[in-house]
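**Student:** Mind having a look at this structure? Questions to follow.
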Amino acid sequence: MKAADVASALAALVTPGTEVIAGGTELVNWLKEGIATPDWVLDITDLPLGAVEASSDGLRLGALARMSEVAAHPVVARDYPVLTEALLASASPQLRAMATIGGNIMQRTRCPYFRAETLLPCNQRVAGAGCAALEGDTRAQAIFGWTPECVATHPSDLAVALTVLDATVALRNGAGTRAVPMSRFYCQPGVGARLTVVEPDELVTAVTVPGLPPAARSHYLKVRERASYEFAVVSAAVVVEMDGLVITRSRLVLGGVAHRPWRLADAEVALRGVEIGDLEALRAAVACSLTTARPLPDNRFKVELARRATVRALRVAAGVG
Amino acid sequence: MSTLLGLVRPDGPAKLTGTTRYAADNSVPGLVFSVLVSATVPCGRLSAIDSSDAASAPGVVAVLTSADMPRFAVPPVPPLAHSLLPMQDDVVAYEGQPIALVAAATREQAEHAASLVRPRYTDLTPAVAFGMSEVVVPDGSYQLVEPDLAFGDVGAALASSEVVVRVSFRTVDRHHSPIEPSATLAWWDGNHLTLHDAAQGISAVRLTLATAFGLPPDQVHVRSPFVGGGFGCKGYVHAHQLITAAAARVLGRPVKLVLSRAQMFTGCGHQPATRQTVLLAAGRDGALRAVEHHSVNAASRADDYTEFTTAGTRWLYATPALRVSTRIERCDRPQPQPMRAPHEGLGMFAIESAMDELAYRLGMDPVALRLRNEPELDPTTTQPFSSRPLRACLLEGARRFGWEARPPEPRSMPSGNDLLGWGMAVATMETFRLPASARVRAQSDGRVVVEVGTQEVGTGLPAVLALVAADVLDVPPESVEVRHGDTCLPEAGMTAGSSATMGAGSAVHAAASELRDELAALGSGRPADILNAKGLGSLEAQARWDPAESGADRSIHTYGAVFVEVRVDAELGLVRMNRCVGVYGAGRIINPLAARSQMIGGITWGLGQALLERSTFEPRLGRFLSKNLAGYLMPSNADVGDIDVSFVDDHDPHASPLGAKGIGELGAVGVAAALANAVFHATAVRVRELPITIEHLL
Numbered sequence: 222m223k224a225a226d227v228a229s230a231l232a233a234l235v236t237p238g239t240e241v242i243a244g245g246t247e248l249v250n251w252l253k254e255g256i257a258t259p260d261w262v263l264d265i266t267d268l269p270l271g272a273v274e275a276s277s278d279g280l281r282l283g284a285l286a287r288m289s290e291v292a293a294h295p296v297v298a299r300d301y302p303v304l305t306e307a308l309l310a311s312a313s314p315q316l317r318a319m320a321t322i323g324g325n326i327m328q329r330t331r332c333p334y335f336r337a338e339t340l341l342p343c344n345q346r347v348a349g350a351g352c353a354a355l356e357g358d359t360r361a362q363a364i365f366g367w368t369p370e371c372v373a374t375h376p377s378d379l380a381v382a383l384t385v386l387d388a389t390v391a392l393r394n395g396a397g398t399r400a401v402p403m404s405r406f407y408c409q410p411g412v413g414a415r416l417t418v419v420e421p422d423e424l425v426t427a428v429t430v431p432g433l434p435p436a437a438r439s440h441y442l443k444v445r446e447r448a449s450y451e452f453a454v455v456s457a458a459v460v461v462e463m464d465g466l467v468i469t470r471s472r473l474v475l476g477g478v479a480h481r482p483w484r485l486a487d488a489e490v491a492l493r494g495v496e497i498g499d500l501e502a503l504r505a506a507v508a509c510s511l512t513t514a515r516p517l518p519d520n521r522f523k524v525e526l527a528r529r530a531t532v533r534a535l536r537v538a539a540g541v542g
Numbered sequence: 057m058s059t060l061l062g063l064v065r066p067d068g069p070a071k072l073t074g075t076t077r078y079a080a081d082n083s084v085p086g087l088v089f090s091v092l093v094s095a096t097v098p099c100g101r102l103s104a105i106d107s108s109d110a111a112s113a114p115g116v117v118a119v120l121t122s123a124d125m126p127r128f129a130v131p132p133v134p135p136l137a138h139s140l141l142p143m144q145d146d147v148v149a150y151e152g153q154p155i156a157l158v159a160a161a162t163r164e165q166a167e168h169a170a171s172l173v174r175p176r177y178t179d180l181t182p183a184v185a186f187g188m189s190e191v192v193v194p195d196g197s198y199q200l201v202e203p204d205l206a207f208g209d210v211g212a213a214l215a216s217s218e219v220v221v222r223v224s225f226r227t228v229d230r231h232h233s234p235i236e237p238s239a240t241l242a243w244w245d246g247n248h249l250t251l252h253d254a255a256q257g258i259s260a261v262r263l264t265l266a267t268a269f270g271l272p273p274d275q276v277h278v279r280s281p282f283v284g285g286g287f288g289c290k291g292y293v294h295a296h297q298l299i300t301a302a303a304a305r306v307l308g309r310p311v312k313l314v315l316s317r318a319q320m321f322t323g324c325g326h327q328p329a330t331r332q333t334v335l336l337a338a339g340r341d342g343a344l345r346a347v348e349h350h351s352v353n354a355a356s357r358a359d360d361y362t363e364f365t366t367a368g369t370r371w372l373y374a375t376p377a378l379r380v381s382t383r384i385e386r387c388d389r390p391q392p393q394p395m396r397a398p399h400e401g402l403g404m405f406a407i408e409s410a411m412d413e414l415a416y417r418l419g420m421d422p423v424a425l426r427l428r429n430e431p432e433l434d435p436t437t438t439q440p441f442s443s444r445p446l447r448a449c450l451l452e453g454a455r456r457f458g459w460e461a462r463p464p465e466p467r468s469m470p471s472g473n474d475l476l477g478w479g480m481a482v483a484t485m486e487t488f489r490l491p492a493s494a495r496v497r498a499q500s501d502g503r504v505v506v507e508v509g510t511q512e513v514g515t516g517l518p519a520v521l522a523l524v525a526a527d528v529l530d531v532p533p534e535s536v537e538v539r540h541g542d543t544c545l546p547e548a549g550m551t552a553g554s555s556a557t558m559g560a561g562s563a564v565h566a567a568a569s570e571l572r573d574e575l576a577a578l579g580s581g582r583p584a585d586i587l588n589a590k591g592l593g594s595l596e597a598q599a600r601w602d603p604a605e606s607g608a609d610r611s612i613h614t615y616g617a618v619f620v621e622v623r624v625d626a627e628l629g630l631v632r633m634n635r636c637v638g639v640y641g642a643g644r645i646i647n648p649l650a651a652r653s654q655m656i657g658g659i660t661w662g663l664g665q666a667l668l669e670r671s672t673f674e675p676r677l678g679r680f681l682s683k684n685l686a687g688y689l690m691p692s693n694a695d696v697g698d699i700d701v702s703f704v705d706d707h708d709p710h711a712s713p714l715g716a717k718g719i720g721e722l723g724a725v726g727v728a729a730a731l732a733n734a735v736f737h738a739t740a741v742r743v744r745e746l747p748i749t750i751e752h753l754l
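These protein sequence lines are chains A and B, in that order. The first sequence maps to residues 222 to 542 in our numbering. The second sequence maps to residues 57 to 754 in our numbering.
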């Protein structure tokens, strides 16, 4: 069914077994693979949720804004390069022209056990079925935050950039609106666990991004073996502020390493006062956040790769990479 | 359109505008859509199949299991890919094996109903994966050549050689992954079977189905004019073709079957993983004194599919002593199949990587080392080469690439955050020559019609055949219409093994030559003028080309030299191919335009082998883990870099009367070794397994 306005969309969402479709680049995959078997598919593409607004306070990205529109927005490209870079490193031009901001952050993992054409032991497919990936091919799996119930990573590049920008997701249901920071948007994996905090009757309506200080610089570095149209092995989103060549503040978030964008909070503290040209100090500071990594047998390399990617991203953001 | 570079493919506009009809695009009245149900366990038996829910689902016409299927007679393997005939009993021998078929009014209904079929299994055993099984000498009918070969005294040569390189290599399972999935539409008129099929070899399909159903071949009619990519997976005949024809017989109506993308990972072959060991012994002057090459590949339990990775080693370099062995492991997996490029495509990675290591050990330029070991005669057969322009390929490739500027030391070409590296390798490929027949007809309206039962699999073969006929008859190639892909037409071989230009092309050449002579006996001038002068509407000739009539006393192969520049982000372990120069000697190039495209595609294919392609066989689940194109990486445009393709002058009258040989697979050979050698030159890290990934280089 097609929603004519937000109110009727929210009313329709109350019916259990309803999935929302916008760009369709992800939901249609789920339908084809049997990952989702909704009773109803609610088309929200007519809703007035596609605006991209830029002001001195920051950005407001309507949930239905297309990835390609946001990437091409002149203010986004000028003031939030991490966002444009993450978007342009995502998927393919064809997919970016269809896929929406709200849909992007609602993506599910690319774990091959989860995406199989038949049911393999996967708690995300059938709660309690186990996690074949834990004892299987773990190359693409998490190095942080995983549980024995699920070792998968979140595939979105955009979510990593939004997290480093301290963005907030606006959720709305019939009762009202609430705002959830990206850092709390994704749930801890577990048997029967929710993937995100979005309630079944809630609709993602917008993502708001606070303005960056004028001196802040940002960068998104995506590491992947195929040069285009491929998910990250590891990615690093950084925002850095400097006094001359000395880092005064930074925010660092990794992608491809956990069930959610993974913030390197200890490294952010350790980077204060580090000179951007001091490679050894940068490496040591970033490593502070990697001591808690718990790599799996096939992905030990991702710990070192994450460190190198973060250092590279910092240096590129600072203009010395 | 004819240009200086060759003939633009006549099939191009229809393909570009989406109007080409591929197998699954065909429809006939009364057809039902069908979907296969695949086994989800690797080894065991079916104890029951509960199809009650499926049978009562909307639109379902029938759910067929082995109990419903006719018993097939056993066709020869190959062209049947796998001697395990489908849906004949309760044995499950590989994950993905077809165990039931659902037929319904629409494809979606069939898909839904197939998801409701509930098989139950018994006697389950874990899959034996590659590396877990016994290494054995291959037997069975996939044996192209003897698995073992030895001459000279390798032991003595080793003892007396100043430099010995002994190294081991691994390649991984790969899948052909054409964009068009395999598809068959079959129907019966009495005892006459007709198929629209996505097949690289319609005659093989006809022979296999005729045998399986106990029919004379002329009662099986197969059409496959256009194939949306095959790369080997549509060469031999697979379970789905037998099942579709059988289902059409059982149901008494036309049945269409299209494999799902996931089924393409189990239903039509894969290139099996290999382990290879190479030993090169040389004197200080670089002259090889002994070569050893030992190979093991993963096979299924049946038929011993063998990768002759050691094939090219037998003729590539001059050596007084050689020892090769070719082995397999019988594993619980679907049947492997030839995949562009089989045999040498895998073996040359090992040999040419080892040659690079030898060059470093000797302190010798890699090109010079190859030139130093050029043989006068085939070192194994002692036959003369039919043509061997490898020296010219090496020199021209080095010139075009600018190889002489290469500093030999690894890590000597930094570029910003990156390290540049230059590497090269030799390519060689077997020349498979298959007999073919063709008919050529000149018409009084000025048109010439060429009819040959070959297949256009995307290589541009119709343009090649038009050029051959036009050349013989001295007419514009645009006036030649080529009809192909139908078993009603004169029989030709598979479009596989880089054989089609030689086979179909030589047959067209023979038929056109006969027609030319017949026309000449009637008068002079253009064919249409002669016909009109005689009041004839048309005149045709048919001829057959049999490769057995020529070249048996020659060593017939194709050659090339591949030079690449890689850019390695050593900090992040990323390899990109900046540029590639490929120079090939492969007989006369009939349509340079299409040939160049073929080689660009081949090099890109080799790039995928080198840096991206890997199917993970999950030993605990006994299956290929990721059966979709999001989980199986192939190069995107952004990966490919500049590719410079050229051909040296070559004319091989022993290979075919056209002077042509085959090129389709050659382009994919040597690329992986050249890239691995370039990665070493860039980073000083020697990677001896494919694909080369981040973790190799961190």
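Glycine is no exception: its CB is placed at the ideal position from the N, C-alpha and C atoms.
#1: Apply the 10 Å Cβ neighbour rule to ILE258 (chain B) and answer buried if 16 or more other Cβ atoms are within range, or exposed otherwise.
#2: Buried or exposed: MET188 (chain B), going by 16 or more other Cβ atoms within 10 Å of its Cβ?
#3: Could you tell me which uninterrupted alpha helix (DSSP H) segments, each at least 4 residues in length, are contained entirely in the region 715-744 of chain B, listed from first to last along the chain?
#4: Are the region 78-97 of chain B and the region 276-288 of chain B in contact at 8 Å, needing three or more beta carbon pairs?
#5: From VAL385 (chain A) to SER112 (chain B), what distance separates their C-alpha atoms?
#6: Short of 6 Å in beta carbon distance, which residues of its chain neighbour SER510 (chain A), apart from the five on each side in sequence? Order them along the chain.
#7: Among residues of its own chain, excluding the 5 on either side of MET469 (chain B), which ones have a beta-carbon nearer than 6 Å to its beta-carbon?
#8: Please classify ALA242 (chain B): does DSSP put it in a helix, a strand, or coil?
#9: What residues from chain A crowd round SER316 (chain B), counting only those whose CB sits closer than 9 Å?
#10: Please report the straight-line C-alpha distance between HIS710 (chain B) and GLU486 (chain B), rounded to a whole angstrom.
#11: Could you please tell me which residues of the region 341-352 of chain A, in chain order, have their CB closer than 7 Å to any CB of chain B?
#12: Tell me the residue span of the beta strand (DSSP E) that contains THR487 (chain B).
#13: Within the chosen definition, does the region 564-571 of chain B reach the region 517-534 of chain B through at least 3 CB pairs nearer than 8 Å?
#14: Nearest chain A C-beta to SER90 (chain B) closer than 8 Å, yes or no?
#15: Between which two residues does the alpha helix (DSSP H) carrying HIS168 (chain B) extend?
#16: In whole angstroms, what separates the C-alpha of SER594 (chain B) from that of ALA584 (chain B)?
#17: Where do the N-terminal and C-terminal ends of the alpha helix (DSSP H) with LEU308 (chain A) fall, by residue?
#18: Give me the Cβ distance between LEU424 (chain A) and VAL241 (chain A), rounded to the nearest whole Å; I'm assuming they're in contact under 8 Å.
#19: Please state whether the Cβ-Cβ distance between GLY28 (chain B) and ALA367 (chain B) is less than 8 Å.
#20: With a threshold of 8 Å between beta-carbons, can ILE750 (chain B) be considered close to chain A, or not?
#21: Assign TRP371 (chain B) to one of three DSSP states: helix, strand, or coil.
#22: What is the DSSP secondary structure of PRO259 (chain A), counted as helix, strand or coil?
#23: Mind checking whether THR330 (chain A) and THR374 (chain A) have CB atoms under 8 Å apart?
#24: Along the region 498-530 of chain A, where does the CB come closer than 7 Å to a CB of chain B? Name the residues.
#25: Please identify the residue among B:ALA377, B:SER611 and B:ALA483 whose C-alpha is closest to the C-alpha of GLY211 (chain B).
#26: List the whole-angstrom C-beta distance separating LEU379 (chain A) from ILE326 (chain A), where the pair is believed to meet the contact cut-off of C-beta under 8 Å.
#27: In the DSSP assignment, what residue or residues form a beta bridge with MET480 (chain B)?
#28: Listed from N- to C-terminal order along the chain, which residues in the region 277-305 of chain B have their beta-carbon within a distance smaller than 8 Å of any beta-carbon of chain A?
#29: State the Cα-Cα distance for the pair TRP483 (chain A) and THR389 (chain A), rounded to the nearest angstrom.
#30: Among B:GLY638, B:ASN247 and B:ALA166, which one has its Cα closest to the Cα of ALA448 (chain B)?
#31: With a cut-off of 8 Å, does the C-beta of ARG101 (chain B) fall near any C-beta of chain A?
#32: Determine, using beta carbons only, whether ASP300 (chain A) comes closer than 8 Å to chain B.
#33: I'd like the ranges of any alpha helix (DSSP H) spanning at least 4 consecutive residues and lying wholly in the region 74-104 of chain B.
#34: In chain order, which beta strand (DSSP E) runs of at least 3 residues are fully inside the region 427-454 of chain B?
#35: How would you list, in chain order, the residues of chain B whose beta-carbon sits under 8 Å from the beta-carbon of GLU356 (chain A)?
**Tutor:** The short version:
#1: Locating residue 258 (chain B) in the second sequence gives position 202, where the first residue counts as 1. Classified as buried, ILE258 (chain B) has 16 or more neighbouring CB atoms from the shown chains inside 10 Å of its CB.
#2: One-based indexing of the second sequence puts residue 188 (chain B) at position 132. Label assigned to MET188 (chain B): exposed.
#3: With a minimum length of 4 residues, the continuous alpha helix (DSSP H) runs that stay inside the region 715-744 of chain B are 727-739.
#4: Three or more beta-carbon pairs drawn from the region 78-97 of chain B and the region 276-288 of chain B are found closer than 8 Å, and the two stretches are therefore classed as touching.
#5: The residue labelled residue 385 (chain A) in the question sits at position 164 within the first sequence. The residue labelled residue 112 (chain B) in the question sits at position 56 within the second sequence. Take the alpha-carbon of VAL385 (chain A) and the one of SER112 (chain B): they are about 53 Å apart.
#6: Working through the first sequence from its first residue, we reach residue 510 (chain A) at position 289. Cβ neighbours of SER510 (chain A) beyond the five flanking positions: LEU485, ASP487 and ALA488.
#7: The sequence position of residue 469 (chain B) within the second sequence is 413, counting from 1. Around MET469 (chain B): LEU476.
#8: The residue given as residue 242 (chain B) occupies position 186 in the second sequence. Looking at ALA242 (chain B) - three-state DSSP - the assignment turns out to be strand.
#9: Start at 1 with the first residue of the second sequence, and residue 316 (chain B) comes out as number 260. Ordered by position in chain A, the residues that pass the 9 Å Cβ test against SER316 (chain B) are GLU338.
#10: Walking along the second sequence from the start, residue 710 (chain B) turns up at place 654. Walking along the second sequence from the start, residue 486 (chain B) turns up at place 430. HIS710 (chain B) and GLU486 (chain B): Cα-Cα distance of roughly 14 Å.
#11: Residues of the region 341-352 of chain A that bring their beta carbon within less than 7 Å of a beta carbon in chain B comprise LEU341, in sequence order.
#12: Here residue 487 (chain B) refers to the residue found at position 431 when the second sequence is read from its first residue. If you look at THR487 (chain B), you'll find it isn't in any beta strand (DSSP E); DSSP assigns it neither H nor E.
#13: Enough Cβ pairs lie closer than 8 Å, so yes.
#14: Indexing the second sequence from 1 puts residue 90 (chain B) at position 34. Taking 8 Å as the CB threshold, SER90 (chain B) stays off the interface with chain A.
#15: Here residue 168 (chain B) corresponds to residue number 112 of the second sequence, with the count starting at 1. Run containing HIS168 (chain B): 163-172, per the alpha helix (DSSP H) assignment.
#16: Start at 1 with the first residue of the second sequence, and residue 594 (chain B) comes out as number 538. Start at 1 with the first residue of the second sequence, and residue 584 (chain B) comes out as number 528. The straight-line gap from Cα to Cα measures roughly 8 Å.
#17: As a first step, residue 308 (chain A) is located in the first sequence; it is residue number 87 there, counting from the start. 302-309 is the extent of the alpha helix (DSSP H) around LEU308 (chain A).
#18: In the first sequence, residue 424 (chain A) corresponds to position 203, counting from 1. In the first sequence, residue 241 (chain A) corresponds to position 20, counting from 1. With a Cβ gap of about 7 Å, LEU424 (chain A) and VAL241 (chain A) count as contacting.
#19: Because chain B here runs from 57 to 754, residue 28 (chain B) falls outside it and cannot be looked at.
#20: Position 694 of the second sequence, counted from the first residue, corresponds to residue 750 (chain B). True, the Cβ-Cβ gap to chain A drops below 8 Å.
#21: Counting from 1 along the second sequence, the entry for residue 371 (chain B) is found at position 315. TRP371 (chain B): coil per DSSP, three-state reduction.
#22: Stepping through the first sequence from its first residue, residue 259 (chain A) is reached at position 38. Annotated three-state conformation of PRO259 (chain A) is coil, per DSSP.
#23: On the first sequence, residue 330 (chain A) is found 109 positions in, with the first residue counted as 1. On the first sequence, residue 374 (chain A) is found 153 positions in, with the first residue counted as 1. Their beta carbons are under 8 Å apart, which means THR330 (chain A) touches THR374 (chain A) by this criterion.
#24: So the close ones are PHE522, GLU525, LEU526, ARG529 and ALA530.
#25: By 1-based counting over the second sequence, the position of residue 211 (chain B) is 155. Answer by Cα proximity: B:ALA377.
#26: Taking the first sequence and counting its residues from 1, the one referred to as residue 379 (chain A) is at position 158. Taking the first sequence and counting its residues from 1, the one referred to as residue 326 (chain A) is at position 105. Yes, LEU379 (chain A) and ILE326 (chain A) are in contact; Cβ-Cβ is about 6 Å, under 8 Å.
#27: Counting from one through the second sequence, the residue named residue 480 (chain B) turns up at place 424. Answer by DSSP bridge pairing, in chain order: B:PHE619.
#28: Within the region 277-305 of chain B, no residue has a Cβ lying closer than 8 Å to any Cβ of chain A.
#29: Numbered from its first residue, the first sequence carries residue 483 (chain A) at position 262. Numbered from its first residue, the first sequence carries residue 389 (chain A) at position 168. Answer to the nearest angstrom: the Cα atoms are 16 Å apart.
#30: By 1-based counting over the second sequence, the position of residue 448 (chain B) is 392. With distances taken between CA atoms, ALA448 (chain B) lies nearest to B:GLY638 out of B:GLY638, B:ASN247 and B:ALA166.
#31: In the second sequence, counting from the first residue as 1, residue 101 (chain B) sits at position 45. With 8 Å as the cut-off, ARG101 (chain B) does not count as an interface residue toward chain A.
#32: As a position in the first sequence, residue 300 (chain A) is number 79, starting the count at 1. By this cut-off, ASP300 (chain A) is not an interface position.
#33: Annotation: the region 74-104 of chain B contains no complete segment of the alpha helix (DSSP H) (minimum length 4 residues).
#34: Inside the region 427-454 of chain B, DSSP marks no whole beta strand (DSSP E) run of 3 or more residues.
#35: The count along the first sequence starts at 1 and reaches residue 356 (chain A) at position 135. Neighbours of GLU356 (chain A) on chain B, chain order: ARG676.
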